[in-house]
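S.K.: Protein sequence lines correspond, in order, to chains R and X.
Once you know that position 102 of the first sequence is 129 in this note's numbering, the rest is easy, because the numbers rise by one and skip nothing.
Once you know that position 95 of the second sequence is 201 in this note's numbering, the rest is easy, because the numbers rise by one and skip nothing.
Have a look at this one before I ask anything.
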Amino acid sequence: MIYFDQVTKRYGNTSALEGVTLSIAPKEFVSIVGHSGAGKTTLLKLLLAEESPSEGSVFFESIDVNDLPSSALHHYRRKIGTVFQDFRLIPNKTAYENIAFAMEAAGRNDDEIRSDVPYILDLVNLGDKAHNFPDQLSGGEKQRVAIGRAIINQPDVIVADEPTGNLDPINTFEIVEILKKINELGTTILITTHNKGVVDAVGKRVITMDRGKIVRDDPTGKYVL
Amino acid sequence: MGMWWMTVKRVAGAGWKNFTRGGAVSVATVLIMTVTLSIIGSLIFLSALLNFTLGVIRDKVDVAVYFVTTASESEIFALRDKLTALPQVESISYTSREEAYDNFRTRHANDQLTLQALDELGVNPLDASLEVKAKDPSEYESIVSFLDATPALSADGTRIVDRVNYQQNKDAIDRLSLAIRATKDIGLIVVLLFAMASILIAFATIRLAIFTAKDEIVVMQLVGASKAYVRGPFVVAGIITGILAALFVLLILYPASWYTSVRTASWLGGFSPFAYYRDHFAFIFCTLVGSGIVLGGMASLLAIRRYLKA
């Protein structure tokens, strides 16, 4: 489903990724671990076509992501739900509107939005916070809104960059449980994390990166750094 | 059509929400835009005052055609009709010999010596005349050329035109024509400079407002919004800003033009800003609201381009 073929990414003279080859099958839950600067976030940015590789190719369902014209990128991105460490909610939209925005952007009609958004808000336990703005929500609640926004269009993959990085242990546990549930329903999940507890709780494939290279690919969920 | 209409509604709604929820940023942008449009509004009045003043000066200039004392009124009127038919002539007024005589006496009522000399003559020595006003001061020369080329003759074949005071007035007329042209050109440059400066200020303010939303713009794109869908609400908010600012300026101009009219009635030479505001409201409204829409929309469109990555 996702294939990185000998991907190198350089920023000036510094290599963020060095000849990375990686394959992810549908419905997998993959955790990417590594120190800061190991290249985890760069990997996700390449998949989201926020950046393009200096060498090599990134494939998503046999499409070479770099060959996509600028006008087709938004269609491509609708296949991928994104969750960030800093939540990145739109500050002047309520929880409901933040989730609805992803549906509006995908051209879904008002009836679909009215039926799906409350369902998703309930799924992430935020039914009573629908009309709260991001600054009226706790960190855990913001991340749940972000997850709601990521899954609302039923994407093939969810990409989460340090989704628990700003959360306390209780909220971290909740977020991991939600992501596991989404994965069980058939969505491929790709997360980056520093948190050993998250990797252990997931118990699935772990890719360890160091200085832009994959140094370990463990199918059994071991966190070794 | 359904999809298109749904998108338009959503973009307009999102733009309105962006604006109303923008708080201090929206207020600041409207205020700056109000200042910008006030300058444009003032320039409308300045330009009207300039045109009015130039018109008043232009009205004071004419060319007088004096006739020999033997010229009959019918011969003079025949020439007047020919002149009236010229496209460059705006108006012609006739002063008979008797009127000229009366005017002379009135003008010199306090000058007994001159009046005594006139009385001693025993006859009216003054000529009848036609005062010709051209549509533009630069056209007097062609009117005089016409008079030279087609000499008006009396029944016995003598010229009825005694003299034309154009040569005496020529220098003054030329200087005035030059001054009018220069004033118009300088006025246009000043208007353009002020307009450019105020437009740049408005652009910078809207750019700043959009800068505060740059992270939001990236997120919108990452959740799959097309560039047009991201751009739309910001442009709508910019247009709302422009319209609101224009309405504020129209509101401010009402008492401001009234107050200026009252205060400057004696030295604006009859120009009333309030009367101009009232009589040209539709023009001022369209200019200000149009400028607000174009400024707000264009500034947002240009500012957001910077933050819309592929």
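Don't be surprised by glycine CBs; every beta carbon is placed ideally from N, CA and C.
What residues from chain R crowd round X:ARG116, counting only those whose CB sits closer than 8 Å?
M.R.: By 1-based counting over the second sequence, the position of residue 116 of chain X is 10. Going along chain R in sequence order, the residues near X:ARG116 (Cβ under 8 Å) are GLU131.
S.K.: What residue range is occupied by the uninterrupted beta strand (DSSP E) comprising R:ILE216?
M.R.: What you label residue 216 of chain R is simply residue 189 of the first sequence in a count that begins at 1. Note, R:ILE216: beta strand (DSSP E), 215-220.
S.K.: Less than 7 Å between CB atoms is the rule here; does X:SER406 satisfy it with respect to chain R?
M.R.: Here the question's residue 406 of chain X lines up with position 300 in the second sequence. Not one chain R Cβ lies under 7 Å of X:SER406.
S.K.: Is it the case that the region 165-177 of chain X contacts the region 322-341 of chain X, given that we only count it when at least three CB pairs across the two stretches are under 8 Å?
M.R.: no
S.K.: For R:THR191, would you say it is in contact with chain X, using Cβ-to-Cβ distances shorter than 7 Å as the test?
M.R.: The residue labelled residue 191 of chain R in the question sits at position 164 within the first sequence. Taking Cβ atoms only, chain X never reaches closer than 7 Å to R:THR191, which makes this a no.
S.K.: Excluding the 5 residues preceding and the 5 following X:GLY344 in the sequence, name in chain order all residues of the same chain whose CB lies nearer than 7 Å to its CB.
M.R.: Stepping through the second sequence from its first residue, residue 344 of chain X is reached at position 238. Result list for X:GLY344: ILE312, GLY402, GLY403, ALA405 and SER406, in chain order.
S.K.: So within the region 300-354 of chain X, which uninterrupted alpha helix (DSSP H) runs reach at least 4 residues, ignoring any that extend past its ends?
M.R.: The region 300-354 of chain X contains these whole alpha helix (DSSP H) runs: 320-328.
S.K.: Could you tell me if the beta carbon of R:HIS102 falls within a distance shorter than 6 Å of some heavy atom in the ligand ATP?
M.R.: Looking at this structure, you won't find the ligand ATP or any other ligand, since it has none at all.
S.K.: Whole angstroms is fine: what's the gap from X:LEU143's alpha carbon to R:ALA157's?
M.R.: Indexing the second sequence from 1 puts residue 143 of chain X at position 37. Indexing the first sequence from 1 puts residue 157 of chain R at position 130. Here the alpha carbons of R:ALA157 and X:LEU143 stand approximately 40 Å from one another.
S.K.: Give the range of the beta strand (DSSP E) segment to which X:VAL171 is assigned.
M.R.: Here the question's residue 171 of chain X lines up with position 65 in the second sequence. 169-173 is the span of the beta strand (DSSP E), which, as asked, contains X:VAL171.
S.K.: Grab me the residues of X:GLY463's own chain with a C-beta within less than 7 Å of its C-beta, minus the 5 sequence neighbours each way, in chain order.
M.R.: Given a span of 107 to 416 for chain X in the structure shown, any question on residue 463 of chain X remains unanswerable.
S.K.: For the pair the region 318-328 of chain X and the region 341-359 of chain X, tell me if three or more CB-CB distances fall below 8 Å.
M.R.: no
S.K.: Could you confirm whether any beta carbon from chain B is found closer than 7 Å to the beta carbon of R:ASN119?
M.R.: Here chain B cannot be found, since the structure's protein chains are R and X.
S.K.: In the DSSP assignment, the alpha helix (DSSP H) including R:PHE200 goes from what residue to what residue?
M.R.: Mapped onto the first sequence, residue 200 of chain R falls at position 173. Here the alpha helix (DSSP H) through R:PHE200 covers 196-211.
S.K.: Check whether chain X comes within 7 Å of R:ARG104, counting only Cβ atoms and requiring the distance to be less than that.
M.R.: Within the first sequence, numbered from 1, the residue matching residue 104 of chain R stands at position 77. For R:ARG104, the answer is yes, since a Cβ of chain X falls inside 7 Å of its Cβ.
S.K.: Taking a cut of 9 Å between CB atoms, which residues from the region 318-341 of chain X lie near chain R?
M.R.: Result list: ALA319, ASP321, GLU322, VAL324, VAL325, MET326, GLN327, LEU328, VAL329, GLY330, ALA331, SER332, LYS333, TYR335 and VAL336.
S.K.: Quick check on R:ILE90: buried or exposed, where buried means 16 or more other Cβ atoms within 10 Å of its Cβ?
M.R.: Within the first sequence, residue 90 of chain R is the residue found at index 63, counting from 1. Classification of R:ILE90: exposed, given that the 10 Å Cβ count is below 16.
S.K.: What's the gap between the Cα of X:SER132 and the Cα of R:ALA177?
M.R.: Translated into positions along the second sequence, residue 132 of chain X becomes position 26. Translated into positions along the first sequence, residue 177 of chain R becomes position 150. So the alpha carbons of these two residues sit roughly 30 Å apart.
S.K.: Which one or two residues does DSSP pair with R:ILE185 in a beta bridge?
M.R.: Numbered from its first residue, the first sequence carries residue 185 of chain R at position 158. Its beta-bridge partners are R:GLY108 and R:ILE216.
S.K.: With 16 other CB atoms within 10 Å as the buried threshold, where does R:HIS62 fall?
M.R.: For the purposes of this step, residue 62 of chain R is taken as the residue at position 35 of the first sequence. Flag for R:HIS62 reads exposed.
S.K.: On a Cα-Cα basis, can you pick out the residue from R:ARG243, R:TYR103, R:THR121 and R:LEU74 that is closest to R:ASP155?
M.R.: Stepping through the first sequence from its first residue, residue 155 of chain R is reached at position 128. Considering only R:ARG243, R:TYR103, R:THR121 and R:LEU74, the residue with the shortest C-alpha distance to R:ASP155 is R:THR121.
S.K.: For X:GLY375, I'd like the list of residues in its chain whose CB is within less than 7 Å of its CB, leaving aside the five on either flank, ordered along the chain.
M.R.: The residue you call residue 375 of chain X lines up with position 269 of the second sequence. Cβ within range, chain order: THR159 and VAL162.
S.K.: Do you know offhand how far X:VAL267's Cα is from X:VAL297's?
M.R.: Within the second sequence, numbered from 1, the residue matching residue 267 of chain X stands at position 161. Within the second sequence, numbered from 1, the residue matching residue 297 of chain X stands at position 191. Answer to the nearest angstrom: the Cα atoms are 46 Å apart.
S.K.: Whether or not the region 50-69 of chain R and the region 233-250 of chain R are in contact is what I'm after, with contact meaning three or more pairs of Cβ atoms, one per stretch, closer than 8 Å; do they touch?
M.R.: yes
S.K.: Might you give, ordered along the chain, the residues of its own chain that have their beta carbon closer than 8 Å to the beta carbon of X:THR256, omitting 5 neighbours on each side?
M.R.: Position 150 of the second sequence, counted from the start, is the residue given in the question as residue 256 of chain X. Closer than 8 Å at Cβ, skipping near neighbours: LYS188.
S.K.: Mind checking which residues open and close the beta strand (DSSP E) that includes X:ILE198?
M.R.: What you label residue 198 of chain X is simply residue 92 of the second sequence in a count that begins at 1. Under the DSSP assignment, X:ILE198 falls in the beta strand (DSSP E) whose first and last residues are 195-201.
S.K.: Could you pull out every residue in the same chain whose Cβ sits closer than 6 Å to the Cβ of R:ASN125, ignoring the five residues on either side in sequence?
M.R.: Here the question's residue 125 of chain R lines up with position 98 in the first sequence. Taken in chain order, the residues that qualify are LEU116, ILE117, VAL172 and ARG176.
S.K.: Less than 7 Å separating the beta-carbons of R:ASN198 and R:GLY248?
M.R.: By 1-based counting over the first sequence, the position of residue 198 of chain R is 171. By 1-based counting over the first sequence, the position of residue 248 of chain R is 221. For R:ASN198 and R:GLY248, no; Cβs fall outside 7 Å.
S.K.: Mind pulling the chain R residues with CB within less than 8 Å of X:ARG127?
M.R.: Along the second sequence, read from residue 1 onward, the residue named residue 127 of chain X stands at position 21. Going along chain R in sequence order, the residues near X:ARG127 (Cβ under 8 Å) are ASN119.
S.K.: Determine the DSSP secondary structure at R:LYS54, reduced to helix, strand or coil.
M.R.: The residue labelled residue 54 of chain R in the question sits at position 27 within the first sequence. Looking at R:LYS54 - three-state DSSP - the assignment turns out to be coil, as it is neither helix nor strand.
S.K.: Check whether chain X comes within 7 Å of R:ARG141, counting only Cβ atoms and requiring the distance to be less than that.
M.R.: Taking the first sequence and counting its residues from 1, one reaches residue 141 of chain R at position 114. By this cut-off, R:ARG141 is not an interface position.
S.K.: Is R:HIS101 close to chain X? Criterion is C-beta to C-beta, closer than 7 Å.
M.R.: Here residue 101 of chain R is taken as the residue at index 74 of the first sequence, counted from 1. Yes, contact with chain X.
S.K.: Based on DSSP bridge pairs, tell me the residues matched to R:MET236.
M.R.: Walking along the first sequence from the start, residue 236 of chain R turns up at place 209. In DSSP, R:MET236 forms a bridge with R:ILE241.
S.K.: Count the other CB atoms, across all protein chains shown, that sit within 10 Å of the CB of X:ARG287; report buried if there are 16 or more and exposed otherwise.
M.R.: Position 181 of the second sequence, counted from the first residue, corresponds to residue 287 of chain X. Under this definition X:ARG287 is an exposed residue.
S.K.: Would X:GLU179 be called buried (16 or more neighbouring beta carbons within 10 Å of its own) or exposed?
M.R.: As a working note, residue 179 of chain X is residue 73 in the second sequence. X:GLU179 counts as exposed, since fewer than 16 other C-beta atoms from the protein chains shown sit within 10 angstroms of its C-beta.
S.K.: Any idea what DSSP makes of X:ASP217, helix, strand or coil?
M.R.: Translated into the one-based positions of the second sequence, residue 217 of chain X becomes position 111. Three-state DSSP puts X:ASP217 in coil, outside helix and strand.
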